[in-house]
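Here's the structure, in structure tokens; my notes come after.
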Amino acid sequence: MTTRDRTSYHPDEYTRWHDPDPTPRINRVTQETARILTHLDPTGPRSGTDDTPERVAKMWVNELTIGYHENVPALFKTFKSDSKDLVIIKDIPLVSTCEHHLVPFIGHAHVGYLPEGAVVGLSKIKRVVDAYARRLQIQERLTSEIADAMDENLSPRGVMVVLEAEHLCMTIRGVQAPGTRTITSAVRGAFNENKEGEKEEFLRLLRR
Ligand SMILES: [Zn+2]
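Each residue of the sequence shown is one higher than the one before, starting from 8 at the first, in the numbering used here.
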């Protein structure tokens with residue numbers, strides 16, 4: 008067995024991934040978490056950690072990876088609108104998980120768009136952010152997935168997404184640089200062409 012074999016996923020074991028009932032996955036992740044703990048914690052089964060595997064499994068299945076089960080196009084219940092003016096939803100709380108280290112990155116998302124005949128409910132934009140954030144991610148891909156979802160499902164004149172986040176994999180391990188923020192942006196349509204300074208207007212309003 009090569010190193011790669013040992014570290015790869017085992018497709019035969021995740022065939023129930025699409026089962027809408029999360030119980031089989033919670034049970035499996037509970038078992039696997041208990042096995043991981045036997046290799047990490049020499050103080051062994053004790054009252055404090057008795058329920059930890061199940062608690063961890065529910066957190067991963069029901070919260071940190073729930074975004075894979077969200078139907079993103081269905082979130083875009085749009086309303087007809089003549090407005091062409093910039094809409095910005097700022098400081099949306101962001102919690103995601105780094106796919107390289109399985110630890111969180113936490114920060115804020117700012118989403119702006121220029122409507123073209125339709126607008127979307129403001130609360131739905133937070134749910135779009137969550138739908139992609141509650142997966143195993145890198146910040147760069149998360150940023151462009153949010154922008155692409157807005158672009159494809161709302162067909163605005165332009166979309167701009169800025170994410171700023173602190174990565175716990177940089178804070179608790181490796182370079183140990185608490186407070187370091189990573190900022191990413193994705194621009195589409197009119198923000199990209201920037202003929203009337205749309206991009207600067209978005210950034211100016213973010214700084215307020
Ligand atoms: Zn990481």
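Quick reminder that beta carbons are idealized off the backbone N, C-alpha and C, glycines included.
Cβ neighbours of residue i in the same chain (closer than 7 Å, five flanking residues each side left out)
i: Thr150; result: Val168, Leu170, Thr191, Ser192, Ala193
i: Val36; result: Ala64, Trp67, Val68
Nonlocal neighbours in the same chain, by C-beta distance under 8 Å from residue i, ignoring five residues either side
i: Ser88; result: Pro122, Gly124, Ala125, Val126
i: Leu3; result: This structure cannot settle anything about residue 3, because the visible part of the chain is limited to 8 through 215.
Identity of the residue in the options nearest residue i by Cα
i: Asp158; options: Phe198, Gly186, Val63, Gln146; result: Phe198
i: Arg164; options: Ala156, Tyr120, Pro111, Asp28; result: Tyr120
i: Val102; options: His25, Glu147, Ala116, Asn69; result: Ala116
i: Pro100; options: Pro52, Tyr139, Ile43; result: Tyr139
i: Glu147; options: Leu161, Leu129, Ser130, His174; result: His174
i: Ile33; options: Arg62, Cys105, Gln183; result: Arg62
For residue i, three-class secondary structure by DSSP
i: Ala125; result: strand
i: Ser162; result: coil
i: Ile179; result: coil
i: Arg32; result: helix
i: His174; result: strand
i: Ala41; result: helix
i: Thr59; result: helix
i: Ala184; result: coil
i: His53; result: Looking at the sequence itself, residue 53 is Arg, so the reference to His does not match. It is coil, neither helix nor strand.
i: Arg214; result: helix
Near ligand 3: residue i beta-carbon under 7 Å from a heavy atom
i: Leu212; result: Among the ligands modelled here, namely ligand 1, ligand 3 does not occur.
Residues near residue i in its chain [Cβ-Cβ closer than 6 Å; skip 5 each side]
i: Val118; result: Ile96, Ile132, Val168
i: Ala156; result: Val79, Val135
i: Gly1; result: With the chain running from 8 to 215 in the structure shown, residue 1 is simply not present.
i: Pro60; result: Thr37, Thr40, Ala41
i: Pro27; result: none
i: Phe209; result: Gly119, Met167
i: Thr85; result: Ala125, Val127
**OP:** Give me every residue whose Cβ sits closer than 5 Å to any heavy atom of ligand 1, in chain order.
**Re:** Result (chain order): Cys105, His107, His108, Cys176.
Original post:
Going along the chain, which unbroken runs of the beta strand (DSSP E) with 3 or more residues stay wholly within the stretch 67-116?
Top reply: If we require 3 residues or more, the beta strand (DSSP E) runs fully inside the stretch 67-116 come out as 85-87, 94-105.
Subject >> Ranges of the alpha helix (DSSP H) found wholly within the stretch 130-159, counting only runs of at least 4 >> reply: none
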